[in-house]
Amino acid sequence: MRIRTGVAAAAVLAAVPTTAVAAGVLVDHGHGPTVVHDASYDDVKTQVHAWSSDGTTRVRLMVTGLPAGRTFGAHVHTGTCGADPLASGGHYQHSTDATVPLAQREVWLDVTSDERGRGVATATVPWTFAPGTAGSVVIHALPTNATTGAAGARLACTSVAFGE
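Residue numbering for the sequence shown is -22 to -1, 1 to 142, as defined by mature numbering (1 follows the signal peptide of the UniProt record, and there is no 0).
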C-alpha cells in the first residue's frame, strides 16, 4: 500500500478549493489517488469532480494509468481514504429503501480504459449528498455486479468531501 503525499500535490490541492459555490452550484473536487491499495496500480492518477444544483448531482471520474481495455467498478463511498482499504467505508446509499433499485441509490462510475489506459465515467443522480455522508471514490478490480453492487478488491481511493 502506498499513500501519496508531497509538496506539489499539496500546492495543487491548496490552489483548488475542495468545495466552491458559485451561482447556486456546489462543486466538489478530488485529485489523487489519495491511497493506492494494490502496488500494481501505483501509476494511476485520478480526478473526481461533482456538481450539485437544484437537487441533482453529476459526478465525473477521470483516470489514467490503468491497464488497457479493462472495465473497473468505481463507486462513491461513505468514508475518506486510509491505509486500510476498509477505511473508505461502504458504498454511499442515498436511500436504504430496498424497493428502490441499488443502481438508483448509489453512484456507480464504472470506467473502461482505452488503449492508452485512460478512462472517463460520469453519473447523474436526482439527489444531492448531505454534508459528511460521502467521502471518497474507490476504484475496484472488477465491473460492478448489477444485482449486488459488488466489484471486487479495492485498488485505489481518492478522498472527496462531497456536499461540504
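Yeah, the Cβ is synthetic: ideal placement off N, Cα and C, and Gly gets one too.
Keep in mind that this is a model prediction, so the values were computed, not measured.
- Can you give, in chain order, each stretch of the alpha helix (DSSP H) that sits fully within the segment 71 to 127 and has at least 4 residues? DSSP runs (the alpha helix (DSSP H)) wholly in the segment 71 to 127: 80 to 83.
Write down the C-beta distance between S66 and V14 rounded to the nearest angstrom, noting that I regard them as a contact closer than 8 Å.
Numbered from 1 along the sequence shown, position 88 holds the residue referred to as residue 66. Numbered from 1 along the sequence shown, position 36 holds the residue referred to as residue 14. Not confirmed; about 13 Å, so no contact.
Checklist entry - Do V98 and R38 have their C-beta atoms closer together than 8 Å? => result Here residue 98 is taken as the residue at index 120 of the sequence shown, counted from 1. Here residue 38 is taken as the residue at index 60 of the sequence shown, counted from 1. V98 places its beta carbon less than 8 Å from that of R38.
_Taking DSSP's pairing of strands, which residues face G10 in a bridge?_
Mapped onto the sequence shown, residue 10 falls at position 32. Paired residues: T24.
Query - Cα-Cα separation between D62 and A108, rounded to whole angstroms - result: The sequence position of residue 62 within the sequence shown is 84, counting from 1. The sequence position of residue 108 within the sequence shown is 130, counting from 1. The straight-line gap from Cα to Cα measures roughly 25 Å.
>> Assuming G10 and T136 are in contact, meaning their beta carbons sit under 8 Å apart, how far apart are those beta carbons, in whole angstroms?
In response: Within the sequence shown, the letter at position 32 stands for residue 10. Within the sequence shown, the letter at position 158 stands for residue 136. Contact flag correct, Cβ pair sits at about 4 Å.
For D21 and A134, what's the separation of their Cα atoms in angstroms? Within the sequence shown, numbered from 1, the residue matching residue 21 stands at position 43. Within the sequence shown, numbered from 1, the residue matching residue 134 stands at position 156. Approximately 11 Å between the Cα atoms of the pair.
Practice task
Starting from the C-beta of Y19, find all residues in its chain whose C-beta is less than 6 Å away, skip the five residues before and the five after it, and write them out in chain order.
Solution key: Sequence index remark: in the sequence shown, residue 19 carries index 41 (1-based). Within the same chain, Y19 has close Cβ partners L133 and A134.
Proximity to V85 [Cα-Cα], best of A46, R48, G68 and E93: As a first step, residue 85 is located in the sequence shown; it is residue number 107 there, counting from the start. For the options A46, R48, G68 and E93, the alpha carbon positioned closest to that of V85 is the one of G68.
| Taking the Cβ atom as the reference point for each residue, do L120 and G130 lie within a distance shorter than 8 Å? | Within the sequence shown, residue 120 is the residue found at index 142, counting from 1. Within the sequence shown, residue 130 is the residue found at index 152, counting from 1. The Cβ atoms of L120 and G130 sit closer than 8 Å to each other.
Just tell me which of T100, T90 and A128 has its CA closest to the CA of A46. Taking the sequence shown and counting its residues from 1, one reaches residue 46 at position 68. Ranking T100, T90 and A128 by Cα distance to A46 puts T90 first.
Check: What do you get for S31, buried or exposed, if any count of 16 or more other CB atoms within 10 angstroms of its CB means buried?
Finding: Here the question's residue 31 lines up with position 53 in the sequence shown. Classification of S31: exposed, given that the 10 Å Cβ count is below 16.
Go ahead and label G33 buried or exposed: buried means 16 or more other beta carbons lie within 10 angstroms of its beta carbon, across all protein chains shown.
If you number the sequence shown from 1, residue 33 lands on position 55. The residue in question, G33, is exposed, as its Cβ has fewer than 16 Cβ neighbours within 10 Å.
**Bounding residues of the beta strand (DSSP E) (the contiguous stretch that carries L44)** = Counted from its first residue, the sequence shown places residue 44 at position 66. Element bounds for L44: n/a, residue is neither H nor E.
| query | By the 10 Å Cβ neighbour count, where 16 or more other Cβ atoms means buried, how is A128 classified, buried or exposed? | reply | Numbered from 1 along the sequence shown, position 150 holds the residue referred to as residue 128. Exposed: under 16 other Cβ atoms inside 10 Å.
Point to revise | T122 burial status per 10 Å Cβ neighbour count (16 or more: buried) | key: For the purposes of this step, residue 122 is taken as the residue at position 144 of the sequence shown. It counts as buried.
Practice task
For A139, name the three-state secondary structure that DSSP assigns.
Solution key: Within the sequence shown, residue 139 is the residue found at index 161, counting from 1. Three-state result, A139: coil.
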